[in-house]
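Contents: one structure, followed by commentary.
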Amino acid sequence: MPDFESSSFDPVLLDLRDIHDYMVLVAAMNDYAAQLEHEADEEEKDARRNGDEGDRAQVAHNREWAARLNRLIDEIERQLDANSAARREIGGGL
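One point on numbering: in numbering that gives the first Met the number 0, the residue at position 93 of the sequence shown is 92, and numbering is uninterrupted.
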């Protein structure tokens, strides 16, 4: 398995000028974040029902990744807003 913690990746620039590309990407990210939250909720519910702790590490992992996805969505929104504002400032359209 690759050692993701010590590897570095270069930033990636996505061309999201097409609203459909943006919608597909963000919808997929939102769906996955919701799935992870649901799985964490279900694990906690099962643990309570069974009177045990359940898989606390998996719950924490799912919630962490859902939060990461939400931060990425927020960052995409921030960059799109900044790009739109910059284009308006120079008279390049919406």
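Glycine is no exception: its CB is placed at the ideal position from the N, C-alpha and C atoms.
Does DSSP put Val23 in a helix, in a strand, or in coil?
Position 24 of the sequence shown, counted from the start, is the residue given in the question as residue 23. The answer is helix: DSSP assigns Val23 an H, G or I state.
If you follow the alpha helix (DSSP H) that Ile72 is part of, which residue opens it and which one closes it?
Against the sequence shown, residue 72 aligns to sequence position 73. Ile72 -> alpha helix (DSSP H) spans 55-88.
Measure the alpha-carbon distance for Ala32 versus Leu12 and round it to whole angstroms.
Taking the first residue of the sequence shown as position 1, residue 32 is located at position 33. Taking the first residue of the sequence shown as position 1, residue 12 is located at position 13. The alpha-carbon atoms of Ala32 and Leu12 are separated by roughly 22 Å.
With DSSP collapsed to three states, give me the class of Asp45.
As a first step, residue 45 is located in the sequence shown; it is residue number 46 there, counting from the start. Asp45: helix per DSSP, three-state reduction.
Would you call the CB atoms of Ala65 and Leu35 closer than 8 Å?
The residue given as residue 65 occupies position 66 in the sequence shown. The residue given as residue 35 occupies position 36 in the sequence shown. Their beta carbons are under 8 Å apart, which means Ala65 touches Leu35 by this criterion.
So, at 7 Å on beta carbons, what are the nonlocal neighbours of Ala84 in its own chain, with the 5 sequence-adjacent residues on each side left out?
The sequence position of residue 84 within the sequence shown is 85, counting from 1. Hits under 7 Å: none found.
Measure the alpha-carbon distance for Gln78 versus Arg87 and round it to whole angstroms.
Within the sequence shown, residue 78 is the residue found at index 79, counting from 1. Within the sequence shown, residue 87 is the residue found at index 88, counting from 1. Roughly 14 Å separates the two Cα atoms.
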